[in-house]
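Residue numbers (my numbering), protein chains in the order written: chain A, 1 to 113; chain B, 1 to 110.
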């Protein structure tokens, strides 16, 4: 049981490049979400999904795109990377909303130069 | 929108000392999660609190949710270097993902 798997773990991008952060879970969870973590800011929600085919914006969605074509996968796309997107990105999943254990991936460290 | 304030922002304690971290919400909490993050690593689930007045313990860490369900505290007894890291509280809003506080950075010195 792999849990929540994020790839890549580390990535350096040039300004203007695009890339996709992958997130996969093998627990048949309906809820998946992406957060970014910046120093002194805690975790801020970027996008989330309550099921395949359904996505919604979080607190800081600009510059990011998501899709949920399967229950297992929830990729995060950076359309045109900017230095302000240098951050640590975490994917999370849970069975449903409400009080369930929420599982986090190990994080993806992204640097945009 | 739900806002969570954590205090203190950072904390340096001597090994063996007790400490408390607070998480205060601007709204009634449906549920409150505590996570620990070691520097440069992912989040480790500590505890989830739902009911007002609820208290849970795991090893030397105890978390409480007050009766009015607007504040939670995390208490560490006899701190050890292994307790060092960032502690994050997350609020359950019922139908959207967790909203997190900004975290408390804990350092434990010998």
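C-beta: ideal position from N, C-alpha, C; glycine also.
**Item:** Closer than 7 Å to chain A by CB, residue 8/B
**Value:** Chain A contact via Cβ: absent.
Check: Applying a beta-carbon distance threshold of less than 8 Å, which residues of chain A neighbour residue 42/B?
Finding: Within chain A, the residues near residue 42/B are 90, 104, 105, 106 and 107.
### Query
Looking at the structure shown, is residue 107/B part of a helix, part of a strand, or coil, going by DSSP?
Residue 107/B carries a strand assignment under DSSP once its states are collapsed to helix, strand and coil.
By the criterion of Cβ-Cβ separation under 8 Å, what are the contact partners of residue 33/B in chain A?
Identification of chain A residues near residue 33/B by a Cβ-Cβ cut-off of 8 Å yields 102, ordered along the chain.
Simplified DSSP state of residue 82/B, which is helix, strand or coil = In the structure shown, residue 82/B sits in a helix (DSSP, three-state: H, G or I).
Exercise. Starting from the Cα of residue 56/A, find the closest Cα among 34/A, 6/A, 71/A and 38/A and give me that residue.
Key: Ranking 34/A, 6/A, 71/A and 38/A by Cα distance to residue 56/A puts 34/A first.
query = What did DSSP end up calling residue 14/B once you bin it into helix, strand or coil?
reply = The answer is strand: DSSP assigns residue 14/B an E or B state.
query: Counting contacts by CB-CB distance shorter than 7 Å, is residue 95/A in contact with chain B?
result: No, residue 95/A does not count as interfacial toward chain B.
Fill in: Chain-ordered chain A contacts of residue 102/B [CB-CB under 8 Å]
At a C-beta separation below 8 Å, residue 102/B has these neighbours in chain A: 40, 41 and 42.
The beta strand (DSSP E) spanning residue 42/A covers which residue range?
Per DSSP, residue 42/A belongs to the beta strand (DSSP E) from 42-51.
Looking at chain A, which residues of the segment 12-30 of chain B have a Cβ within less than 9 Å of any of its Cβ atoms? Against chain A - using a Cβ distance shorter than 9 Å - the residues of the segment 12-30 of chain B are 30.
Margin query: Please state the DSSP three-state secondary structure of residue 118/B.
Written below: Nothing can be reported for residue 118/B: it is not among the residues displayed for chain B, which extend from 1 to 110.
**Request:** Using the Cα positions of residue 150/B and residue 109/B, report the straight-line distance between them to the nearest angstrom.
**Result:** Residue 150/B lies beyond the residue range present for chain B, which begins at 1 and ends at 110; the question has no answer from this structure.
- Task: Identify whether residue 7/B lies in helix, strand or coil by the three-state DSSP scheme.
- Result: Residue 7/B falls in the strand class under three-state DSSP.
For this session: Could you tell me the boundaries of the beta strand (DSSP E) in which residue 27/A lies?
Result: No beta strand (DSSP E) contains residue 27/A, which DSSP labels as neither H nor E.
Count the other CB atoms within 10 Å of the CB of residue 3/A; is the residue buried (16 or more) or exposed (fewer)? Here residue 3/A is exposed: its Cβ has fewer than 16 other Cβ atoms, across all protein chains shown, within 10 Å.
Check your understanding: Touch check for the segment 77-87 of chain B and the segment 94-108 of chain A: three-plus C-beta pairs under 8 Å?
Key -> Touching, no.
Which term fits residue 72/B, buried or exposed, when burial requires 16 or more other beta carbons within 10 angstroms of its beta carbon? It counts as buried.
Q | Residues bridged to residue 101/A [DSSP beta-bridge criterion] | A | Answer by DSSP bridge pairing: none, since residue 101/A is not bridged.
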